[in-house]
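Undergrad: I'd like to ask you about the structure that follows.
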Amino acid sequence: SIPVDALDLPVGLTRTEAFVRRLGEIFGAEETATRVIEAGARDAVRATQRHVMRFTSGRSASVVLDPFLAAAVVDLCGDMGIEVVEAVGLRRKGTALPGFQIVDPDVRPDLALAPTSAGWIRGRNHVPMGYPNYARHPILPRPFFGFVGFKHLVEAISDAVLDEEVRASFEP
(Lines of atoms letter the chains of each structure in order from A; the text may use other names.)
(Lines give C-alpha, C1' and ligand atoms only; values in the text may rest on other atoms or scores of the structure.)
Protein backbone atom coordinates (compact mmCIF):
# COMPACT_ATOMS: atom_id res chain seq x y z
CA SER A 187 0.00 0.00 0.00
CA ILE A 188 1.05 3.59 -0.59
CA PRO A 189 0.45 6.25 2.07
CA VAL A 190 -1.82 9.04 0.86
CA ASP A 191 0.79 11.70 1.50
CA ALA A 192 3.52 9.83 -0.42
CA LEU A 193 2.39 11.34 -3.73
CA ASP A 194 1.36 14.80 -4.85
CA LEU A 195 -1.63 15.30 -7.13
CA PRO A 196 -0.63 14.59 -10.75
CA VAL A 197 -1.95 17.91 -12.11
CA GLY A 198 0.04 19.40 -15.00
CA LEU A 199 3.22 18.13 -16.61
CA THR A 200 5.67 18.72 -13.77
CA ARG A 201 3.56 17.02 -11.11
CA THR A 202 2.50 14.16 -13.39
CA GLU A 203 6.13 13.39 -14.18
CA ALA A 204 6.99 13.46 -10.45
CA PHE A 205 3.95 11.25 -9.68
CA VAL A 206 4.87 8.59 -12.26
CA ARG A 207 8.55 8.72 -11.26
CA ARG A 208 7.62 8.22 -7.58
CA LEU A 209 5.36 5.27 -8.44
CA GLY A 210 8.25 3.76 -10.38
CA GLU A 211 10.48 4.11 -7.32
CA ILE A 212 7.89 2.63 -4.95
CA PHE A 213 7.23 -0.39 -7.19
CA GLY A 214 10.79 -0.86 -8.44
CA ALA A 215 9.82 -0.01 -12.01
CA GLU A 216 11.95 3.06 -12.70
CA GLU A 217 12.64 2.12 -16.36
CA THR A 218 8.95 1.65 -17.08
CA ALA A 219 8.16 4.94 -15.37
CA THR A 220 10.76 6.71 -17.52
CA ARG A 221 9.22 5.26 -20.71
CA VAL A 222 5.72 6.30 -19.59
CA ILE A 223 6.95 9.82 -18.80
CA GLU A 224 8.79 10.20 -22.11
CA ALA A 225 5.82 9.05 -24.18
CA GLY A 226 3.16 10.86 -22.14
CA ALA A 227 5.01 14.16 -21.88
CA ARG A 228 5.95 14.13 -25.57
CA ASP A 229 2.32 13.53 -26.58
CA ALA A 230 0.95 16.14 -24.15
CA VAL A 231 3.42 18.82 -25.24
CA ARG A 232 2.83 18.11 -28.93
CA ALA A 233 -0.95 18.28 -28.44
CA THR A 234 -0.93 21.51 -26.41
CA GLN A 235 2.09 23.52 -27.56
CA ARG A 236 0.16 25.83 -29.92
CA HIS A 237 -2.55 26.48 -27.35
CA VAL A 238 -0.02 27.29 -24.63
CA MET A 239 1.98 29.62 -26.88
CA ARG A 240 -1.09 31.40 -28.30
CA PHE A 241 -3.64 31.45 -25.49
CA THR A 242 -2.15 30.88 -22.03
CA SER A 243 1.48 31.98 -21.96
CA GLY A 244 1.89 35.45 -20.51
CA ARG A 245 -1.55 35.52 -18.85
CA SER A 246 -2.15 36.12 -15.14
CA ALA A 247 -4.40 34.19 -12.78
CA SER A 248 -6.01 34.19 -9.39
CA VAL A 249 -6.23 30.66 -7.91
CA VAL A 250 -8.82 30.14 -5.18
CA LEU A 251 -9.22 26.46 -4.36
CA ASP A 252 -8.80 23.89 -1.64
CA PRO A 253 -5.17 24.36 -0.48
CA PHE A 254 -4.04 20.90 -1.64
CA LEU A 255 -5.53 21.43 -5.11
CA ALA A 256 -4.48 25.10 -5.22
CA ALA A 257 -0.81 24.17 -4.85
CA ALA A 258 -1.13 21.73 -7.78
CA VAL A 259 -2.95 24.31 -9.93
CA VAL A 260 -0.26 26.90 -9.19
CA ASP A 261 2.28 24.40 -10.61
CA LEU A 262 -0.03 23.72 -13.58
CA CYS A 263 -0.10 27.45 -14.30
CA GLY A 264 3.70 27.43 -14.32
CA ASP A 265 3.65 24.61 -16.88
CA MET A 266 1.37 26.78 -19.05
CA GLY A 267 3.28 30.04 -18.72
CA ILE A 268 0.57 31.66 -16.57
CA GLU A 269 1.71 34.00 -13.79
CA VAL A 270 -0.23 33.35 -10.58
CA VAL A 271 -0.74 36.72 -8.89
CA GLU A 272 -2.92 35.39 -6.08
CA ALA A 273 -3.33 31.93 -4.55
CA VAL A 274 -5.85 31.55 -1.75
CA GLY A 275 -7.08 28.45 0.06
CA LEU A 276 -10.86 28.15 0.31
CA ARG A 277 -10.95 26.48 3.71
CA ARG A 278 -9.54 29.53 5.44
CA LYS A 279 -11.09 32.39 3.52
CA GLY A 280 -8.83 35.36 3.17
CA THR A 281 -5.68 33.31 3.83
CA ALA A 282 -3.05 33.37 1.11
CA LEU A 283 -1.02 30.24 0.38
CA PRO A 284 2.67 30.40 1.36
CA GLY A 285 4.60 32.63 -1.03
CA PHE A 286 1.51 34.55 -2.15
CA GLN A 287 -0.51 37.52 -1.00
CA ILE A 288 -4.11 38.52 -1.56
CA VAL A 289 -4.32 41.10 -4.31
CA ASP A 290 -6.29 44.32 -4.26
CA PRO A 291 -9.95 43.63 -5.18
CA ASP A 292 -9.64 46.08 -8.08
CA VAL A 293 -6.83 44.03 -9.64
CA ARG A 294 -8.28 41.85 -12.36
CA PRO A 295 -6.06 38.93 -13.36
CA ASP A 296 -6.75 37.49 -16.81
CA LEU A 297 -8.18 34.29 -15.30
CA ALA A 298 -9.97 33.22 -12.13
CA LEU A 299 -9.42 29.51 -11.39
CA ALA A 300 -12.02 28.64 -8.76
CA PRO A 301 -15.14 26.59 -8.08
CA THR A 302 -18.42 28.11 -9.22
CA SER A 303 -19.51 28.56 -5.59
CA ALA A 304 -17.03 31.46 -5.23
CA GLY A 305 -19.25 34.52 -5.54
CA TRP A 306 -16.40 36.94 -6.25
CA ILE A 307 -15.85 35.45 -9.71
CA ARG A 308 -18.74 37.37 -11.27
CA GLY A 309 -17.42 39.64 -13.98
CA ARG A 310 -14.11 37.79 -14.24
CA ASN A 311 -12.87 35.33 -16.83
CA HIS A 312 -13.68 32.24 -14.79
CA VAL A 313 -12.36 28.74 -15.37
CA PRO A 314 -14.41 26.38 -13.18
CA MET A 315 -12.13 24.12 -11.13
CA GLY A 316 -12.57 22.12 -7.99
CA TYR A 317 -15.89 21.46 -6.30
CA PRO A 318 -18.66 22.37 -6.46
CA ASN A 319 -18.88 23.06 -10.18
CA TYR A 320 -22.33 24.21 -11.23
CA ALA A 321 -21.25 25.52 -14.65
CA ARG A 322 -20.00 22.39 -16.42
CA HIS A 323 -21.56 18.94 -16.59
CA PRO A 324 -19.69 17.07 -19.34
CA ILE A 325 -21.18 14.02 -20.97
CA LEU A 326 -17.75 12.75 -22.00
CA PRO A 327 -15.07 12.16 -19.37
CA ARG A 328 -12.82 15.16 -18.74
CA PRO A 329 -9.81 13.83 -16.83
CA PHE A 330 -8.11 16.25 -14.50
CA PHE A 331 -5.05 14.21 -13.58
CA GLY A 332 -2.09 12.96 -15.57
CA PHE A 333 -0.96 13.70 -19.10
CA VAL A 334 -4.48 13.38 -20.53
CA GLY A 335 -5.79 15.64 -17.78
CA PHE A 336 -3.14 18.23 -18.70
CA LYS A 337 -4.47 18.31 -22.27
CA HIS A 338 -8.03 18.81 -21.04
CA LEU A 339 -6.98 21.58 -18.64
CA VAL A 340 -5.01 23.40 -21.35
CA GLU A 341 -8.09 23.19 -23.57
CA ALA A 342 -10.44 24.46 -20.83
CA ILE A 343 -8.20 27.40 -19.94
CA SER A 344 -7.59 28.23 -23.61
CA ASP A 345 -11.36 28.16 -24.22
CA ALA A 346 -11.86 30.63 -21.37
CA VAL A 347 -9.27 32.97 -22.89
CA LEU A 348 -10.96 32.72 -26.29
CA ASP A 349 -14.41 33.29 -24.76
CA GLU A 350 -13.12 36.48 -23.16
CA GLU A 351 -11.54 37.67 -26.42
CA VAL A 352 -14.81 37.11 -28.27
CA ARG A 353 -16.79 38.87 -25.52
CA ALA A 354 -14.38 41.83 -25.56
CA SER A 355 -14.67 42.15 -29.34
CA PHE A 356 -18.41 42.85 -29.00
CA GLU A 357 -18.08 45.46 -26.27
CA PRO A 358 -18.38 49.09 -27.40
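Quick note on my numbering: the sequence shown kicks off at 187 and runs consecutively.
We put the beta carbon where it would ideally sit given N, CA and C, even for glycine.
1. Have a look at Glu185 and Gly210 and give me their C-alpha separation to the nearest angstrom.
2. If you follow the alpha helix (DSSP H) that Val231 is in, where does it begin and where does it stop?
3. Starting from Ser243, trace the alpha helix (DSSP H) in both directions and tell me its first and last residue.
4. Let's test the definition: count the other Cβ atoms within 10 Å of the Cβ of Met266 and tell me whether it reaches 16, buried, or not, exposed.
5. Which first and last residues belong to the alpha helix (DSSP H) in which Gly335 is found?
6. What residues match up with Ser248 in a beta bridge as DSSP calls it?
7. Measure the C-alpha to C-alpha separation of Val260 and Val197 and round it to an integer number of angstroms.
8. Quick check: Arg228 and Ala219, are their CB atoms within less than 8 Å of each other?
9. Nearest by alpha-carbon distance to Pro295: which of Ala354, Arg245, Phe241 is it?
TA: To lay it out plainly:
1. A question about residue 185 goes unanswered here, because the residues of the chain that appear run from 187 up to 358.
2. 216-237
3. Premise fails: Ser243 is in no alpha helix (DSSP H) and is neither H nor E.
4. buried
5. 332-356
6. DSSP lists Glu272, Ala298 as partners of Ser248.
7. 10 Å
8. no
9. Arg245
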